[in-house]
Amino acid sequence: MRIKELPLSDIHFIPSEYTDHLYHSIIRIGFSFPIKVKETGCGYLCVDGNKRLTALRDILEQDPSYKRGDKVKVIIVNSTDNRSNDCSRGRNTH
71 MRIKELPLSD IHFIPSEYTD HLYHSIIRIG FSFPIKVKET GCGYLCVDGN
121 KRLTALRDIL EQDPSYKRGD KVKVIIVNST DNRSNDCSRG RNTH
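Mapping of the sequence shown onto this note's numbering: residues 71 to 164, in sequence order.
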């Protein structure tokens, strides 16, 4: 698992409906948590955060000079390594 900052254009995501609250929250404070993505041969695939990415895309269409820009902090998960799954840590405590 790695954390990286990527341009929105490098992340493939499924456009999803979101609430006005989410839209305005992203304008005010940005993302509280990084988006989870999986590395593919042609970029990155969103595995958690489609609504947030859709809202950011719409914000940038409305205001290309959006103060936080088009860079997104992401967690790159490796699907072949169970240790990269942050949920597994909670199950491994004794």
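Every residue, glycine too, gets a C-beta built ideally from N, C-alpha and C. Everything numeric in this text was worked out from a predicted model, so none of it was measured.
Which term fits residue 112, buried or exposed, when burial requires 16 or more other beta carbons within 10 angstroms of its beta carbon?
Taking the sequence shown and counting its residues from 1, the one referred to as residue 112 is at position 42. Exposed: under 16 other Cβ atoms inside 10 Å.
Would residue 78 and residue 144 be called neighbours here (beta carbons separated by less than 7 angstroms)?
Here residue 78 is taken as the residue at index 8 of the sequence shown, counted from 1. Here residue 144 is taken as the residue at index 74 of the sequence shown, counted from 1. For residue 78 and residue 144, no; Cβs fall outside 7 angstroms.
State the Cα-Cα distance for the pair residue 119 and residue 97, rounded to the nearest angstrom.
For the purposes of this step, residue 119 is identified with residue 49 of the sequence shown, where counting begins at 1. For the purposes of this step, residue 97 is identified with residue 27 of the sequence shown, where counting begins at 1. Their Cα atoms are separated by approximately 16 angstroms.
Going by beta-carbon coordinates alone, are residue 137 and residue 88 separated by less than 7 angstroms?
Stepping through the sequence shown from its first residue, residue 137 is reached at position 67. Stepping through the sequence shown from its first residue, residue 88 is reached at position 18. Contact: no.
Enclosing alpha helix (DSSP H) for residue 93 [first to last residue]
Counting from one through the sequence shown, the residue named residue 93 turns up at place 23. Its alpha helix (DSSP H) spans residues 90-99.
Just list the residues that DSSP pairs residue 115 with in beta bridges.
Counted from its first residue, the sequence shown places residue 115 at position 45. Residue 115 pairs with 82 and 108.
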